[in-house]
Structures are given as C-alpha cells and as structure tokens.
Amino acid sequence: MNDSTPSEPTPEDGEPTSFAENAKNLFNKHKWKILAVGGAVVALAVVAARFAERQNTEDIEDSEPSLGLEDADRQKRTPPVGHAVVATLVKLAPGQQASEERRAAYKEAAGEDLPAGSTYRSEHRRGDFGEDETPGEAAA
1 MNDSTPSEPT
11 PEDGEPTSFA
21 ENAKNLFNKH
31 KWKILAVGGA
41 VVALAVVAAR
51 FAERQNTEDI
61 EDSEPSLGLE
71 DADRQKRTPP
81 VGHAVVATLV
91 KLAPGQQASE
101 ERRAAYKEAA
111 GEDLPAGSTY
121 RSEHRRGDFG
131 EDETPGEAAA
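See below:
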C-alpha cells in the first residue's frame, strides 16, 4: 500500500466502487482458496455418490425377492379368523331402499316393519372356523 497510485478507487477518492469490481477484486485476491474449496466439495460429492450406489447395490442383493401382483393379492385375501356377526340395522344412503328380502328377514326376526332408510343384516358366521370348531370356540 506504499504505492503512490492506488490499485482501486476508494470512496475517499470520490469515485464509488461497484459491487462487481469489489467481487472481482475479492476473487482475484482469494482465487486459489476458492478453487481449492470448490475442488474439495466436488470430490466429496463424488465419494458420497459412489457410497450411495454401493449401499443400494448391497440392499438389493440382501433383500428377498419381491412378490408379484398375484402373490400379493393372494396374501391379502386370506380369510379372516372365524367370527360371528351379530344382526344389526344399517343406515342407507339417501335415496336407497332395503330389498323385500331384507324387509322380510327383519320382520321375521324382530316382529315389526323395517324402519325407513335402513336395511337389515342378519346374524351369520364369517371367516374360517376350521373343520372342528364352532363359533364359540373360535372366539375363545
């Protein structure tokens, strides 16, 4: 700074310095540091990408073969454990009506007419009780 001519204009000289000039001077002053840090970031990204790729490959090799759609459907459709379903009234959506069969079943079970906007589900068994089991044994 002992030079008689300054390398860049300063606000004291009356000439404003632009942002672009300041950035250019800062880059030139620290050029090698900036390039070294940028190179290190790129190298780290490459190492991380290779590690992730190797990890994915190991995960694929270690995993069990995936089920096809047919196998997945078959597993989902296993019958539920046997249980008894109690008779109940079910509210219908607006505009729907119970069938004559359901009305007759309710009248037989309850001795009265089925309420409007409802249907009747009679008592029944659902699921797999096995050959020797009765509904009471399956629930226990």
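Per this note's numbering, residue 1 is the first one in the sequence shown, and the count goes up by one each step.
Positions of the beta carbon are idealized from the N, C-alpha and C atoms, including for glycine.
All values derive from a computational prediction rather than experimental measurement.
query, result
"Whole alpha helix (DSSP H) elements within the stretch 104-130, 4-residue minimum", "none"
"Buried or exposed (CB count within 10 angstroms, at least 16 for buried), A93", "exposed"
"Cβ contact (3+ pairs, closer than 8 Å) linking the stretch 81-97 and the stretch 117-126", "yes"
"Environment of A110 [buried if 16+ CB atoms lie within 10 Å]", "exposed"
"A98 vs R125 beta-carbon contact at 7 Å", "no"
"Inter-residue Cα distance where the pair is A48 and T57", "14 Å"
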